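Peer 1: Its first residue numbered 1, the sequence shown is counted upward by one per residue in UniProt numbering. Pasting a structure here, questions to come.
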Amino acid sequence: MNGRPPVRMCARCQCTTSEPVLVHEVHAATGPGFNVYACPECAHHYPPMTDALQLLEALPRRSRLTLRVYKLNAQGAVTEDRGEIEILAGSHPAPAPHTSPAGHPSTQNQ
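Shown next, in the form of structure tokens:
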């Protein structure tokens with residue numbers, strides 16, 4: 001290390017401190033996140049940090065995908081409702097079924 005103490009601004013009192021306490025990590029979806037620091041006197045005003053990954057693990061959720069399949073005429077009116085396909089997945093996503101309806105253009109040239 002270079003021997004220089006870290007100097008940060010406290011997010012609560014806006015004073016600079018050479019003893020910063022990490023009180024929050026801000027995560028960003030489109031780039032790097034950033035850290036929020038407080039001085040030792042203000043740090044107790046912040047709740048304990050939570051780990052975002054632990055929050056996701058604590059909530060087991062099933063994924064759901066619902067597709068409605070319709071057949072339309074040239075005017076755009078529904079001529080046939082083929083029903084609904086519902087795919088539920090647990091912690092490991094299940095692959096979608098590969099089916100091709102009879103009369104679909106992709107199956108006529110085979």
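The C-beta atom is built at its ideal place from N, Cα and C for all residues, glycine as well. These numbers were taken from a predicted model, which means no experiment stands behind them.
1) Indicate whether A38 and Y46 have their beta-carbon atoms separated by less than 8 Å.
2) Look up A38 in the DSSP assignment and say whether it is helix, strand or coil.
3) If you draw a straight line from the C-alpha of Q110 to the C-alpha of L67, how long is it?
4) Pull up the distance between the alpha-carbon of R4 and that of E19, whole angstroms please.
5) Within 10 angstroms of the Cβ of V78, are there 16 or more other Cβ atoms? Answer buried if so, exposed if not.
6) By alpha-carbon positions, which one of G76, Q14, Q75 and V36 ends up nearest to M49?
7) To the nearest angstrom, how far is the alpha carbon of P93 from that of E41?
8) Looking at the structure shown, is T17 part of a helix, part of a strand, or coil, going by DSSP?
9) Rounding to the nearest angstrom, what Cα-Cα distance links A74 and D81 in this structure?
10) My understanding is that G33 touches V26, with C-beta atoms under 8 Å, so please give their C-beta distance in whole angstroms.
Peer 2: The structure says:
1) Taking the first residue of the sequence shown as position 1, residue 38 is located at position 38. Taking the first residue of the sequence shown as position 1, residue 46 is located at position 46. In this structure, A38 lies near Y46, with their beta-carbon atoms less than 8 Å apart.
2) By one-based count along the sequence shown, residue 38 stands at place 38. A38 falls in the strand class under three-state DSSP.
3) Stepping through the sequence shown from its first residue, residue 110 is reached at position 110. Stepping through the sequence shown from its first residue, residue 67 is reached at position 67. Below a pLDDT of 50, predicted positions are generally treated as unreliable, and Q110, at 46, falls in that range; no measurement from the model is reported.
4) Looking up residue 4 in the sequence shown gives position 4. Looking up residue 19 in the sequence shown gives position 19. Straight-line Cα distance between these residues: approximately 12 Å.
5) Walking along the sequence shown from the start, residue 78 turns up at place 78. V78 comes out exposed.
6) As a position in the sequence shown, residue 49 is number 49, starting the count at 1. Selected option, being the one with the closest Cα: V36.
7) Within the sequence shown, the letter at position 93 stands for residue 93. Within the sequence shown, the letter at position 41 stands for residue 41. Bear in mind that a pLDDT of 49 at P93, under 50, signals an unreliable position, so the model cannot answer this.
8) Residue mapping note: residue 17 aligns to position 17 of the sequence shown, counting from 1. Strand, per DSSP.
9) Numbered from 1 along the sequence shown, position 74 holds the residue referred to as residue 74. Numbered from 1 along the sequence shown, position 81 holds the residue referred to as residue 81. Computed Cα separation, rounded: 16 Å.
10) In the sequence shown, the residue the question calls residue 33 occupies position 33. In the sequence shown, the residue the question calls residue 26 occupies position 26. Yes, they are in contact, since the Cβ atoms of G33 and V26 sit about 5 Å apart, within 8 Å.
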